[in-house]
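S.K.: Residue numbers (our numbering), protein chains in the order written: chain A, 4 to 305; chain B, 4 to 305; chain C, 4 to 305; chain D, 4 to 305; chain E, 4 to 305; chain F, 4 to 305. Before I ask anything, here is the structure I am working with.
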């Protein structure tokens, strides 16, 4: 069960509105790696967790924190959309560009009115939406909660890596002190969260519950071991042989990397079976497909 | 530019068809972590790669291999759908369940006809589709190619973890020797690919191009360092203090983990600005929203 | 900012697992009118609210409660998926249906294994997912937060009506005392929430902030008033004249309903303009579309 | 069965084209509350209606009217896209902005070419699309037809509220007399349709077929009545106690509102069961997950 | 503007309900090539048509007919869902399968309850939905209206081919005389519509408005003609040389087919440029990415 | 199994970057008829093909070629995004528009920064994405592989028609010699591919495997032949009688077109059955819906 405090975890308002920046920063709310993703991902992982209590508690702690991050960004977007120009040309204004040159101030407004997210005007009335920076809605396929904690912690590490990368890019794309201050808090939390998942991975592996390759509880003698440590070079040229993945002991310590320079198919040519003529696909020869329900029925009965 | 050989990378056909299993194994083709995902993800990462040639080549090698994995699974699904029952009750059959008991053999067919993916009959004519196990289509938001290789390699490691987990689950859900043999090859390749991404991460970090926290080229003095290594306990109870993430040197070696047991908000209550009355949102008091174009026009003109 | 308590708002576990029912009850988590919808809808409405504090606080209170409803249902699904049959036929079992008749107990398991949501096995490892009962993911277009509180409260009233209807249907579809007990709590909360939105609508209208037709701040003399209270009968037969909407004073008290039995078009036939020949659409006569960049360039330059 | 007349229900063409406005007004065609939504929602509700004939007829009448509203907007968009600039800089033109200042006229065209919906050029050849203002396609989850008419009429009231709000916002965002005239007709129809659904709700409740809480045919003694009229305050502060929903007789007349200032969980901590080791989730202790098909098979057989 | 008659274009009710068949036949309503697709596709093509009046009128005629096809199928689904089993086991029933053998009649109901579309119970109350046979919603990307009539008529021919194929498959999957009778009408209409689009293609080409290759108004001397009639053999083996596409005069009569047995790349290796360090992608060498806003600012200013 | 060569099939880099054009040309990668569609469509058709080897081989040849087309466009987008302006106003710049007039050069950059696809900056770091020109992701419902080759070849012909039309429109929208050169190669390939599918259709029909109407293996005496060649005029006015589809021998040679000027319904008014009261829909009269589990149980038991 959940509770709310009215204050934000952290916040400095933008000094100036910027509706185009508001469109872009929607990526951090509703994008594939936005705050809605980490919020819902950690909550579902926590709710689905069957492992030790410390993992479940930790997952729900951070998931609960992330709800507040959506809240911070929604508030920031409200400020960024303040005074958004709702028309490309306001009444009484001159030709916008000439007007700008002649001393008017609305040129930036014309561009903003044209390029801002129209749904910020029409749909949400200058509020944040549950969408990314191109207006595509957040959806449940963005999250993962598999029940296997190492698989999921790797996802979390990844999400925080993309998340921090995107927050940093938004930071670089702004000159507003308020925006930059708030983002510098969120970037710091992303630093923690990358460290947290690296630590959780170490903790989980130390606990003996899971290790590489995931899932480690699957007996490796059931897989085709001869192909389990080979790199297949599917292209002309061998630049790909120069990496750590092409030679030496494998990272799980259970094999030796091998570089297969000219890989050849091991399987046969496919020969998919001929389907039921009642589905009227194209068979290998015309006679095979004398279809139709009545015909078929006659054939199949007697 | 790409080329094709007609033989499959590896393949054993199923011994018996099983249309319900065909529905389920679609997850490995078109699911969030299916072969279409890794195929498209590695190809786009390769095409977008601006780093050293060995990474680009390696990405395109593995991406090209994965096209062949979709091919293997599509072939398997064609075999699994062979002789799929197209009706819940075929002509001339008795009551299906009683018939089964009385010596008939169609009871499993009745259940299969009811539960199989209808699109395997109606849409694809017993062929594989570009969808997951519930028929939801694969889509481009399943992949990531950010330009930052460490962020992306972490994604790849994660994808191969979920991918191997799902392939193992499908292996456990089958008794068919052909299916199990083919999957044991794919699981082995997933073992390699998890190792490959762990190796690529090490290789990339050793190269000095990137490290934790991602992106490492962002100067950490620009983030709010005091919050960069704190775990915030957003719940009653402190089980979450028991993990590696709550104490000791941080994983990036740049800080000390700190456990904040009773975290308090640092920010103010939000006070979003009042929006333009022409958008007809609900203001704080009735007088504020005397809207309407004519009114506004009068006001704004003079 | 948000906090979590480990206990659930309310909960009785199911007495028996039922994986098919687990598939169905996903509708109440991730369906169009599931708990994720009301949770995110109320939170976004609260964060976007510019009206009096009591509305904002109320919206965030109920939004915070709804997070806990997702939590309750996720927990219920974990119980319902306990012991889910992962194969259509377990090792050592006889022909499933005959086996059932002969004293075996697995017939229901065969049906369950065929019909349950495959992603509950393959993707989530017997945990809840952020999807509806057919596996379609929850998405951000399910919610609305327009900034106009009367429009939004009507949405909320509607969502709670569909939500209670669906919860009641799930209640009727179960015989499990635990499931029914938990649902009877959720249905009671839906009763409250329908009443709450009816009350909020009255409260808001009494405050003078908004009334019918929404948005009431738009001057009605700007709309074509002669069509604002007419019912147009677009079909043969006049059964539609028998309702309250066809006669009498309009509900907003500002007009008289009028029934237009044989409505006729008021506008002209459309005459869309001919598009740019460089887009190579089909024009009204062949000569018009002598396209191609070089031609165009020649024409437009000299 | 349906018929078509070539004239539009109502229409004034725009005086001037405006491709950016065309992008925005797509919201009224293919947005969540656009004309495609009400058209398909009313038609499906009519087709699914099992209630008295007057409701079915009325639903199909208004659904049929709404097809014509899509037609009107599609025609308007064709006019708005007339002469759309297909390049950011036409041949022979000077630097666009400088050109504008120097007497050229293309500055607005440069901005328009950059900001208009690219699919209006590339995909539809200057015609309307079945998408919203950010290009996201209309989809079937936007509509509801539940079989319960009160639930659905509340949805319809809501859709017409959002629809009129959005049409009004588009009206405010334009200075074009043709656009404003056509919208003032559509806004008037929305006024009628809000009134119509308010009337239909009253009519339906008067008929004794349905009332609050929906569905009223569910016996309320089956729900946990003690929680059916409580407002739970999930936050610090009690502003939410100031509304109509916190005290007095409930709106359905069946209870008394009660304000619960410090709500506490009524349920236990969740204890989800340990899943099947063959799914290779993370268990509470390492020994539990000795998985793998062969192991399992051995165990489960004997 | 549109009108409605209450009778259906054609209809025979099913003799017996069949909820699983109802799930499947949703494909013909809301699938990629269902009636919603052709309805919306023809209407949008008609509304966007700038060509001769006969095409526009014809498009709107058939689009209007198709609205009635959705109506017919929605009615059929209502009948097929009659008496749908809402529980897997009704009160008082014995173990379902054993019960069946012992003389009970509910075995088919158990299977149906497990396999039917849950949303037909929970969401639509036994009515049709705007989704396909796996519950995926119809969406606006299913349709095309490009402004080029030959391109679009080819789409229409294709849609009617898939549509008739799917209707035939549904016909073959049923034994119900009512279902088969109604489908035999719809299949006949599909026969007409395939013929109609073949005729429209001929008519359009005869009119001189468009021909192959589409768009024919683009001057072919602007394309690289040397590659415009070559078949590239991207695989080992030359079975693909045996078709009409590999030799002889091209179908547009403007070239000669040529079979390129060993195609080689004509382009260079890609060398994408190094991106802005402020985006923190991985560069070719570490020094290049000394990022961070303050650093950058210093560099770029002075 | 697949292989890669590092060179591109064909390529000339753009002479100048243009981030807005990069946004638009995404349509050719990830749009409904972009290269991802033809690539995946031909590969799945090839994998699912059960017809003669020459068709399967040909499908996989062209599918393999199309992978390389995605590669070419991804490379082009990387070049177009070079030096993309990451801020609307760079540090040290003056007011952007005034600055432009005063001799600055950044006006175009301001517009570009506002209008470019934000995900090209935030998500992909100046690389291509698997989305269309409005950022909507490519998805598996864009492709078709039905098993019936004539149905599918018609789809392929259509896809190449829309594809060439869109490539031509992009060609017309650019002045960059590199872009135009590369597109002129792709347009030539589209010319071939339209011809190829026209040839494949002829080849397939000549083979006797399939003809009109698709599927030709369905006996036409099972359809309602009296409606199989009628055009129904669903509107006032008879312009639609002027086309080839309204008179003469039908295109399949099996009937005579007939123009039905005043079509009337052949079916009855719908009378959908009353649903189960446990689903709490609205019945025709109040008494019918005395619902609720306990009531029902009582009724149904005794």
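For each residue, glycine too, the CB sits at the ideal point set by N, CA and C.
Below 8 Å on the Cβ atoms is my contact criterion, and I expect residue 258 of chain F with residue 13 of chain E to pass it. Report the Cβ-Cβ distance as a whole number of Å.
M.R.: For the purposes of this step, residue 258 of chain F is taken as the residue at position 255 of the sixth chain. For the purposes of this step, residue 13 of chain E is taken as the residue at position 10 of the fifth chain. Their Cβ separation, rounded to whole angstroms, is 18 Å, which puts residue 258 of chain F and residue 13 of chain E out of contact at 8 Å.
S.K.: Can you tell me whether DSSP reads residue 263 of chain E as helix, strand or coil?
M.R.: One-based indexing of the fifth chain puts residue 263 of chain E at position 260. Correct three-state label for residue 263 of chain E: strand.
S.K.: Using a Cβ-Cβ cutoff of 9 Å, what residues of the region 177 to 195 of chain D are near chain H? List them in chain order.
M.R.: The question asks about chain H, but that chain is absent: this structure's protein chains are A, B, C, D, E and F.
S.K.: Would you kindly work out how many angstroms separate the C-alpha atoms of residue 51 of chain D and residue 207 of chain F, rounded to a whole number?
M.R.: As a working mapping, residue 51 of chain D is identified with position 48 in the fourth chain. As a working mapping, residue 207 of chain F is identified with position 204 in the sixth chain. Cα-Cα distance, rounded: 43 Å.
S.K.: Can you pull the DSSP bridge partners for residue 142 of chain E?
M.R.: As a first step, residue 142 of chain E is located in the fifth chain; it is residue number 139 there, counting from the start. In the DSSP output, where bridge partners are listed per residue, residue 142 of chain E has D:142.
S.K.: Does the region 174 to 184 of chain C come into contact with the region 141 to 148 of chain C, if we say contact requires no fewer than three beta-carbon pairs (one atom in each stretch) closer than 8 Å?
M.R.: No, because fewer than three Cβ pairs between the region 174 to 184 of chain C and the region 141 to 148 of chain C fall closer than 8 Å, the two stretches do not touch.
S.K.: To the nearest whole angstrom, what separates the beta carbons of residue 78 of chain F and residue 275 of chain E, a pair I think is in contact under 8 Å?
M.R.: In the sixth chain, the residue the question calls residue 78 of chain F occupies position 75. In the fifth chain, the residue the question calls residue 275 of chain E occupies position 272. Indeed, because the Cβ distance is near 6 Å, the residues count as touching under 8 Å.
S.K.: Between C:11, C:261, C:225, which lies nearest to residue 76 of chain C when the distance is taken from Cα to Cα?
M.R.: Here residue 76 of chain C is taken as the residue at index 73 of the third chain, counted from 1. Ranking C:11, C:261, C:225 by Cα distance to residue 76 of chain C puts C:11 first.
S.K.: When you compare each of D:35, D:53, D:72, D:55 to residue 237 of chain C by their alpha carbons, which one comes out closest?
M.R.: Sequence index remark: in the third chain, residue 237 of chain C carries index 234 (1-based). Looking at the Cα atoms, D:72 is the closest of the given residues.
S.K.: Give the C-beta separation of residue 31 of chain F and residue 170 of chain F to the nearest angstrom, bearing in mind that I take them to be a contact with Cβ-Cβ under 8 Å.
M.R.: Stepping through the sixth chain from its first residue, residue 31 of chain F is reached at position 28. Stepping through the sixth chain from its first residue, residue 170 of chain F is reached at position 167. That belief holds up - the Cβ atoms of residue 31 of chain F and residue 170 of chain F are roughly 6 Å apart, short of 8 Å.
S.K.: Hey, out of F:62, F:9, F:176, whose CA is closest to residue 243 of chain A's CA?
M.R.: The residue you call residue 243 of chain A lines up with position 240 of the first chain. The residue with the shortest Cα to Cα distance from residue 243 of chain A is F:9.
S.K.: Where do the N-terminal and C-terminal ends of the alpha helix (DSSP H) with residue 6 of chain D fall, by residue?
M.R.: For the purposes of this step, residue 6 of chain D is taken as the residue at position 3 of the fourth chain. Element bounds for residue 6 of chain D: not the alpha helix (DSSP H) but the beta strand (DSSP E), 5 to 7.
S.K.: For residue 220 of chain E, which of helix, strand or coil comes out of DSSP?
M.R.: Residue mapping note: residue 220 of chain E aligns to position 217 of the fifth chain, counting from 1. Coil at residue 220 of chain E, not helix or strand.
S.K.: Pick from F:129, F:62, F:20: whose alpha carbon is nearest that of residue 235 of chain E?
M.R.: In the fifth chain, counting from the first residue as 1, residue 235 of chain E sits at position 232. The shortest C-alpha separation from residue 235 of chain E is found at F:62.
S.K.: Under 8 Å Cβ-Cβ, which residues of chain B neighbour residue 124 of chain C?
M.R.: As a working mapping, residue 124 of chain C is identified with position 121 in the third chain. Under the 8 Å cutoff, chain B gives 27, 172, 176.
S.K.: Pairs of beta-carbons, one from the region 18 to 34 of chain F and one from the region 121 to 131 of chain F, closer than 8 Å: are there three or more?
M.R.: The region 18 to 34 of chain F, when compared against the region 121 to 131 of chain F, does touch it at the 8 Å Cβ threshold.
S.K.: Pair every Cβ in the region 185 to 203 of chain C with every Cβ in the region 226 to 234 of chain C, then say whether three or more of these pairs are closer than 8 Å.
M.R.: They do not touch, by the three-pair rule.
S.K.: Counting only beta-carbon atoms, is residue 72 of chain C nearer than 7 Å to chain F?
M.R.: For the purposes of this step, residue 72 of chain C is identified with residue 69 of the third chain, where counting begins at 1. Not an interface residue.
S.K.: To which residues does DSSP link residue 252 of chain A through a beta bridge?
M.R.: For the purposes of this step, residue 252 of chain A is taken as residue 249 along the first chain, with counting starting at 1. Note: residue 252 of chain A sits in a beta bridge opposite A:259.
S.K.: Counting only runs of 4+ residues fully inside the region 30 to 67 of chain A, write out the alpha helix (DSSP H) ranges in chain order.
M.R.: Counting only runs of 4 or more, we get 38 to 51.
S.K.: Here's the rule I'm using: 16 or more other beta-carbon atoms within 10 Å means buried, otherwise exposed. How should residue 21 of chain D be labelled?
M.R.: On the fourth chain, position 18 is the one that residue 21 of chain D refers to. Burial call: buried.
S.K.: So with CB distances below 7 Å, who are the chain C contacts of residue 140 of chain A?
M.R.: As a position in the first chain, residue 140 of chain A is number 137, starting the count at 1. Within chain C, the residues near residue 140 of chain A are 142, 143, 144.
S.K.: Give the range of the beta strand (DSSP E) segment to which residue 233 of chain D is assigned.
M.R.: On the fourth chain, residue 233 of chain D is found 230 positions in, with the first residue counted as 1. Note, residue 233 of chain D: beta strand (DSSP E), 233 to 235.
S.K.: Taking Cβ-Cβ distances below 7 Å as the criterion, which residues of the region 266 to 289 of chain F are in contact with chain C?
M.R.: Of all residues in the region 266 to 289 of chain F, 281, 282, 283 have a Cβ within less than 7 Å of some Cβ in chain C.
S.K.: Determine, for residue 128 of chain C, whether the minimum Cβ-Cβ distance to residues of chain D falls below 7 Å.
M.R.: In the third chain, residue 128 of chain C corresponds to position 125, counting from 1. It does; some Cβ of chain D falls within 7 Å.
S.K.: Helix or strand or just coil, what does DSSP make of residue 13 of chain F?
M.R.: Here residue 13 of chain F corresponds to residue number 10 of the sixth chain, with the count starting at 1. Coil, per DSSP.
S.K.: Using 8 Å as the Cβ pair cut-off and three pairs as the minimum, do the region 110 to 121 of chain C and the region 248 to 264 of chain B touch?
M.R.: Too few Cβ pairs lie closer than 8 Å, so no.
S.K.: With DSSP collapsed to three states, give me the class of residue 158 of chain A.
M.R.: Position 155 of the first chain, counting from 1, holds the residue named residue 158 of chain A. Helix.
S.K.: Given that residue 168 of chain B touches chain D, what residues does it touch there, using C-beta distances under 7 Å?
M.R.: For the purposes of this step, residue 168 of chain B is taken as the residue at position 165 of the second chain. Within chain D, the residues near residue 168 of chain B are 283.
S.K.: With 7 Å as the limit, tell me which residues of the region 195 to 217 of chain E have their beta carbon closer than that to any beta carbon of chain F; keep them in chain order.
M.R.: Listed by position, the residues of the region 195 to 217 of chain E near chain F (Cβ gap below 7 Å) are 195, 197, 198, 199, 201, 202, 203, 205, 206, 215, 216, 217.
S.K.: Nearest to residue 2 of chain E by CA position, among F:162, F:217, F:189, is which residue?
M.R.: Not covered by the structure: residue 2 of chain E. The range shown for chain E is 4 to 305.
S.K.: Within its chain, find whatever has a CB closer than 7 Å to the CB of residue 266 of chain A; leave out the 5 residues flanking it on each side and keep chain order.
M.R.: Start at 1 with the first residue of the first chain, and residue 266 of chain A comes out as number 263. Counting only Cβ-Cβ distances below 7 Å, and skipping sequence neighbours, we find 235, 236, 237.
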